[in-house]
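4 protein chains.
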Amino acid sequence: MNKKQNIIPAAAHLFADQGFDGTTTIQISREAGVTEPLIYYPFKGKDDLFTQILEAGFTEYFNRLDALENHSGSAMQQIEDLVSLHFAFVDEKPDEIYLTFSTCPAKLNDPNHVCVRNIKRQREQLKALLINCLERGVASGEFVSVPILETAHLIIALITGWMRLRGLKIDSLEGMKAVATEFIRRSLVP
Amino acid sequence: MNKKQNIIPAAAHLFADQGFDGTTTIQISREAGVTEPLIYYPFKGKDDLFTQILEAGFTEYFNRLDALENHSGSAMQQIEDLVSLHFAFVDEKPDEIYLTFSTCPAKLNDPNHVCVRNIKRQREQLKALLINCLERGVASGEFVSVPILETAHLIIALITGWMRLRGLKIDSLEGMKAVATEFIRRSLVP
Amino acid sequence: MNKKQNIIPAAAHLFADQGFDGTTTIQISREAGVTEPLIYYPFKGKDDLFTQILEAGFTEYFNRLDALENHSGSAMQQIEDLVSLHFAFVDEKPDEIYLTFSTCPAKLNDPNHVCVRNIKRQREQLKALLINCLERGVASGEFVSVPILETAHLIIALITGWMRLRGLKIDSLEGMKAVATEFIRRSLVP
Amino acid sequence: MNKKQNIIPAAAHLFADQGFDGTTTIQISREAGVTEPLIYYPFKGKDDLFTQILEAGFTEYFNRLDALENHSGSAMQQIEDLVSLHFAFVDEKPDEIYLTFSTCPAKLNDPNHVCVRNIKRQREQLKALLINCLERGVASGEFVSVPILETAHLIIALITGWMRLRGLKIDSLEGMKAVATEFIRRSLVP
DNA sequence: GATGAATGAGTGTTCATTCAT
DNA sequence: TATGAATGAACACTCATTCAT
């Protein structure tokens, strides 16, 4: 239970960097400073390790997301919080959150697997939240009139696109949260 | 009976779907309806196959992108064309273009490899184009005053984020091009 | 029947240079200036090609060797002729003769195969000839008294050792025939 | 239960018997009583295994050969010791020493490879030693007058030829060392 | 708990050979 | 006869995983 805390971040980092298939158990053990078989004490295997990392990421992610659902502020405020949530998250735990938004490894593609289920749930929840938000905003006149579903998808693309660039360390610009928020606000608020 | 032509789309599809490492040569051969060794007739190996797919994608991509550089229209027009270019491209060749925008396999990460070099070139070229465009627009008053570099990155995130969702078949909404263009226009044009 | 003459020397050369297993049929076809499947018209396969080369080499070799058996000259004269035969042969057809004296490919090691049979026959015949020769020479006082069997083996080692060095192009010294003959003569003739 | 020690002799035997290309890793593993992947635990691959066997053989061989260089005895005595060295060696370690004297696999033919470098060094060192020896002997009148270089090559051919026959188990005669020594002595000493 | 040794299953790749034309 | 296209069988090698200690 002691070394488990070394393994998870090491694995998360390598998975995020090289993909699930591109990462070997021996790489993980070296990065974690343990021997290879030790991985099999706290985890059933490579799949399980991956799954647990993802699940931990998802758990925290959904906790934060759920807190947004019962939102009392304006529609724009809610979108702003949504953007903040994701941008803050990817700064805190770039590997876990990047994995959360990346594709499932091919071999874990069965629809009952935690990986697929959660990724689907995440997309649905994000979509629902944004649709609700946009509908509210358009109805109340807070937002200009936009096609709801398409705009929701667009904002998801913007958020996940940025997280991807950030998670892969391709983009390291600071202060993007405010810029993104303003960008969306100008587009939606009349 | 030239089965060689089946290999490229089959491989592109699988690579886009499962990643480079997650795709086996035998999967490719089955998807292409040929036997495994036939892959090695026109291609030197799995790496070469991947490289050639990417290179073909990049060649066409850069051709289209270069055509945008000497643009005579307004700044917004140019951004619109940029969005159109990418959205049209990903509709035409979802697999190839998705690969073009996805990450390099870990093992092909040496900086001289076509894969890395082109992906870098692509990001640089996109950034340069957008920065130029935004500077023009802001200077002429066509656009509101925005932080140039950050906004360029944001638009790249939006475009690539969308292409990713689209390339992975996660999102299949039609008519997104116009919605995206309008979304950006409202944000930038006063 | 036309291109067969191109294939044999090309194959013989490559087999001698790289060994049977180290030589591929495509190398042979290129060296012979033909396409790969053409090899299968005059030959049943790679094994057969190898066998035929060996057989041709052996046929000529045994022809020459048989001519030595009914020898009328002195014992030393006969040994001299034996040395001459081998040294001349390896100069004329270095590849074929080298193969003749080299090891059988592992996969052709069954004792009924032409390859094994001939190599055995060759060693037996050489041994018989030398034993006969040495016995004659010792009995007649032409030679000093030497252990017959061992000396026969030694001369075989000398001859095959030289042919190997020569066949592999490791040694390219000229005029070795006379030197070898003299070397043996001084050792045997009192 | 260190099965690693079984691998080297098993591999040496098979390599000597069937050549590098003719020997498969699965054959080696079976002969060593281990499973195939275990070969890759102590060795980087088939090439490395081959190289290490050769290197061990060469190291011991050169150690023994170097001991002969500073020789105080007569020229004939030195040659006798040289013959003894080789004949004793091939009796002790028939596989390793046979490999040491056999040809490099075609694919390891680059001139910097241990294999090529050592085989060259061996030939040069043997040649130098014999030339020196013969020159001494001829100058002092211990030997009859012989062409130095050619005779050196001849003795090398004799020694390596014998080692080959012996290493390949083609010839199993005992007591050859004395016979060979006498054979050479009679030829050189007046 | 911890590890060095070991392995079953599979991967990319090569090669001798055949087939359709 | 000749060849481009195609393949079955094997090869060296890797990897996630387990076992003996």
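Chains as they are written, first to last, in our numbering: chain A, -12 to 177; chain B, -12 to 177; chain C, -12 to 177; chain D, -12 to 177.
From the three backbone atoms N, C-alpha and C, an ideal C-beta is built for every residue, glycine too.
This one's a predicted model, so the numbers in the text were calculated from it and none came from an experiment.
For V21 (chain A), the secondary structure class from DSSP, reduced to helix, strand or coil, is coil. No Cβ of chain A is located within less than 9 Å of the beta carbon of R104 (chain B). By the criterion of at least three beta-carbon pairs nearer than 8 Å, the region 83 to 96 of chain D is not in contact with the region 157 to 174 of chain D.
Listed by position along chain C, the residues whose Cβ is nearer than 7 Å to that of P92 (chain D) are G9.
Annotation: the continuous alpha helix (DSSP H) that includes F37 (chain A) extends over 33 to 56.
Chain-ordered listing is empty here: chain A has no CB closer than 9 Å to the CB of E111 (chain B), the nearest sitting near 12 Å. DSSP places S127 (chain B) in the helix class (H, G or I) of the three-state scheme. For the region 133 to 148 of chain B, the set of positions with a beta-carbon nearer than 8 Å to some beta-carbon of chain A reads V133, P134, L136, E137, T138, H140, L141, I143, A144, L145, I146, T147, G148 in chain order.
L155 (chain D) sits in coil when the DSSP states are folded into three classes, being neither helix nor strand. Under the rule that a run must span 4 or more residues, the alpha helix (DSSP H) segments found entirely inside the region 61 to 94 of chain A read 62 to 79, 81 to 88.
For K156 (chain B), same chain residues with a beta-carbon under 8 Å away, outside a window of 5 residues either side, are P81 in chain order.
E56 (chain B) has a beta carbon lying at 9 Å or more from every beta carbon in chain A. Note that the C-beta distance between L141 (chain D) and L69 (chain D) is not below 9 Å. D8 (chain C) sits in coil when the DSSP states are folded into three classes, being neither helix nor strand.
The beta carbon of G32 (chain C) does not come within 9 Å of any beta carbon belonging to chain D, so the residue lies off that interface. Around the beta carbon of Q(-8) (chain C), fewer than 16 other beta carbons lie within 10 angstroms, which makes this residue exposed. Per DSSP, F170 (chain A) is one residue of the alpha helix (DSSP H) stretching across 163 to 175. In terms of Cα proximity to P24 (chain C), the closest of C:V101, C:A115, C:I(-6) is C:I(-6). Rounded to whole angstroms, A19 (chain B) and T12 (chain B) show a C-alpha spacing of 10 Å.
Contacts with chain B at 9 Å (Cβ-Cβ) do not include V125 (chain A). Separation of Q65 (chain A) and L55 (chain A) (C-alpha to C-alpha, rounded to the nearest whole angstrom) is 7 Å. Under the Cβ criterion (8 Å, minimum of three pairs), the region 95 to 109 of chain A does not count as touching the region 123 to 139 of chain B.
By the neighbour-count criterion, in which 16 or more other beta carbons inside 10 Å mark a residue as buried, T138 (chain B) falls on the buried side. Proximity of S61 (chain A) to chain B, defined by a Cβ-Cβ separation below 9 Å, is not satisfied.
The beta carbon of D97 (chain D) sits no closer than 9 Å to any beta carbon of chain C. Apart from the 5 residues on each side of it in sequence, E122 (chain B) sits with its Cβ closer than 7 Å to the Cβ of I135 in its chain, given in chain order. Chain-order list of chain C residues neighbouring L152 (chain D): H140, I143, A144, T147, by C-beta distance under 8 Å.
With a cutoff of 9 Å on beta-carbon distance, F45 (chain C) and T87 (chain C) are scored as near each other. Collapsing the DSSP output to three states places F30 (chain C) in coil.
Here V131 (chain D) is exposed: its Cβ has fewer than 16 other Cβ atoms, across all protein chains shown, within 10 Å. In the structure shown, K(-9) (chain B) adopts helical secondary structure according to DSSP, grouped into three states. Distances from the CA of D35 (chain A) to each of A:F76, A:F2, A:H58 were compared; the closest alpha carbon is that of A:F2.
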